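Input: a single structure, listed below in C-alpha cells.
Now the structure itself:
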C-alpha cells in the first residue's frame, strides 16, 4: 500500500504539471490518467476511480474499456456473498471487456483474458439469479466453454502469459469467490 501511495503522489504531481499547474484537474495525457486509474484499481478505491470520469474522455485505444471492466470485476471479487444486485457489476465487467476486445480488434491478450475471467465467473453464477436475468440454465456450460476458448486464444497470442506469476491479490480474491460460489447451494 505504501508503494501505491508513493506512486499516486508521483502521478498526481505529473497530472498537475500536465494540467498547467492546476491541482486535482484532469489532463489530456492518457498515460497519466490511466496510471492513476491503475493505482486506484490496485488500491480498491472504487469511488476515486469513478471520480476520474474516464468515460467522459475520448482516449483512443482499448485501455479505458479494459480498465472499466477490471474495475467492476475486482469490486465484484471483494463481495462475500453474491446478491442479485451484483449482476450489475458482472454485466458491466462483461460489457466493457467485450468492448475492449472489439476495440483491440482481438489482438490484445489482456483484453481477451479479462473477458475470459468474466465468463468464468458467469459460468458459476447462481442459477436462480441467471433465471431472474432470463438466462437459460444450460448456458452455464456454454459460458465455461467460452472461458476456455478465450483463455486459449490469449495463450496463442502471448504464449509467455502462462509463465507469469499468478499470485496477485485480485486473483486470490477471484479464486476465493469462485470457491464460495461453487460450494454454496444456489
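Numbering (this note's numbering), first residue to last: 1 to 186.
Ideal Cβ placement from N, Cα and C applies to all residues, glycine included.
Predicted, not measured: the structure shown is a model, and the values here were computed from it.
The beta carbons of residue 140 and residue 123 sit about 5 Å from each other, so the pair counts as a contact at 8 Å. Residue ranges of uninterrupted alpha helix (DSSP H) with 4 or more members, entirely inside the stretch 58-126 and ordered along the chain, are 63-77, 86-103, 109-123.
For residue 169, the enclosing alpha helix (DSSP H) begins and ends at 169-183.
Contact between the stretch 61-68 and the stretch 156-169 is absent: fewer than 3 CB-CB pairs across the two stretches fall below 8 Å. Classified as exposed, residue 105 has fewer than 16 neighbouring CB atoms from the shown chains inside 10 Å of its CB. By the neighbour-count criterion, in which 16 or more other beta carbons inside 10 Å mark a residue as buried, residue 3 falls on the exposed side. Ranking 48, 19, 20 by CA distance to the CA of residue 8 puts 48 first. For residue 148, the closest C-alpha among the options 119, 38, 93 is that of 119. Under the three-state reduction of DSSP output, residue 153 falls in the helix class. Of the candidates 50, 150, 110, 133, the residue whose Cα lies closest to the Cα of residue 88 is 133. Here the alpha carbon of residue 157 sits roughly 18 Å from the alpha carbon of residue 166. Annotation: the continuous alpha helix (DSSP H) that includes residue 35 extends over 30-43. In the three-state DSSP reduction, residue 133 falls in the coil class, being neither helix nor strand. Sequence-distant Cβ neighbours of residue 93 in its own chain, meaning closer than 7 Å and more than five residues away, are 69, 72, 73, 76, 118. Residue 176 is classed as exposed because its beta carbon has fewer than 16 other beta carbons within 10 Å across all chains shown. In terms of Cα proximity to residue 10, the closest of 28, 35, 85 is 35.
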